[in-house]
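Just so we're aligned, residue 18 is where the sequence shown starts under our numbering, counting upward by one. Cβ coordinates follow ideal geometry from the N, Cα and C atoms, glycine included.
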Amino acid sequence: MDVNELIKHYKAGNRDFLQVSLQRAHLSEICLAKINLSRANLTGATLSAANLRGSILTEALLAEATLWRADLTEAFMIWANLHKANLIRANLCKADLHQAVLTKADLRLADLSFADLSNANLEGADLRYANLSGANLAGANLSKANLTGAKLSQADLYNVNLTKAILLRTDLCHTDISSMTVSSDLLLSDR
């Protein structure tokens with residue numbers, strides 16, 4: 018299926034596009050709200066400023082995809098692979114990303130407030146100035162992640178791995194940090 022076919026079927030009311038292959042497709046600034054792209058292959062696709070509110074991207078392959086400023090509010094992205102994806106300024110508020118792979122993903126200035134990132138792999142992710150307020154990060158791997166200026170107020174950090182993470186100017190207000198795994202070289206301040 019190509020992009021034009023997908024858009025034609027979507028406009029006709031079809032929302033189910035399971036296992037569709039749209040590698041390197043260009044879908045920027047398009048409305049695909051509530052679309053079902055479970056197990057779709059969107060590797061390297063460009064979805065900048067796309068409206069994917071309430072979409073289902075369970076087990077989707079989005080490695081190296083560009084989702085800059087995409088609206089993924091309340092999207093279901095369980096087990097999705099977003100390795101090295103560009104999610105700068107993306108809206109992932111209340112998105113379900115548990116068990117997702119976000120290794121080396123660029124999430125600078127992304128809104129992940131109240132998102133479910135439990136058991137997600139965010140190793141080496143760039144989360145500078147991201148909003149993770151109220152997010153569920155229980156069991157998440159944030160080793161080597163850059164959380165400079167990130168907001169983690171009221172986030173669930175139970176059993177979070179922050180080994181070699183950078184936490185400069187990170188907001189941890191009203192957050193229980195007693196069960197986090199950290200290394201002795203954790204960078205916590207500007208000193």
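Candidates the options: closest to residue i by CA position
| i | options | result |
| --- | --- | --- |
| L159 | N178, L174 and F93 | N178 |
| L74 | D113, R186 and H100 | D113 |
| L185 | L129, N68, A162 and Y175 | A162 |
| A62 | A87, A50 and R70 | A87 |
| D19 | A122, S130, L164 and H43 | H43 |
| L109 | L69, A142, W96 and N138 | L69 |
| L35 | I52, R41 and A157 | I52 |
| E91 | A167, D193 and A107 | A107 |
Cβ pair residue i, residue j closer than 9 Å
| i | j | result |
| --- | --- | --- |
| N84 | N103 | Note that residue 84 corresponds to Leu in the displayed sequence, not to Asn. Contact: yes. |
| D173 | L154 | yes |
| K124 | A147 | Here residue 124 turns out to be Leu, not Lys, going by the sequence shown. Yes, the pair counts as a contact, with Cβ atoms nearer than the cut-off. |
| A117 | L89 | no |
| T60 | E76 | no |
| A48 | A67 | A quick correction: the sequence has Cys, not Ala, at residue 48. Cβ distance < 9 Å, so C48 and A67 count as in contact. |
| A127 | A157 | no |
| S170 | G151 | yes |
DSSP state of residue i mapped onto helix, strand, coil
| i | result |
| --- | --- |
| H26 | helix |
| N21 | helix |
| D193 | coil |
| N31 | coil |
| I73 | strand |
| N163 | strand |
| N136 | coil |
| Q36 | coil |
| N58 | strand |
| L79 | coil |
| N176 | coil |
DSSP bridge partner residues for residue i (one or two, in chain order)
| i | result |
| --- | --- |
| C48 | N68 |
| K168 | N148 and D188 |
May I have a chain-ordered list of the alpha helix (DSSP H) segments no shorter than 4 residues that lie completely inside the region 82-123? none
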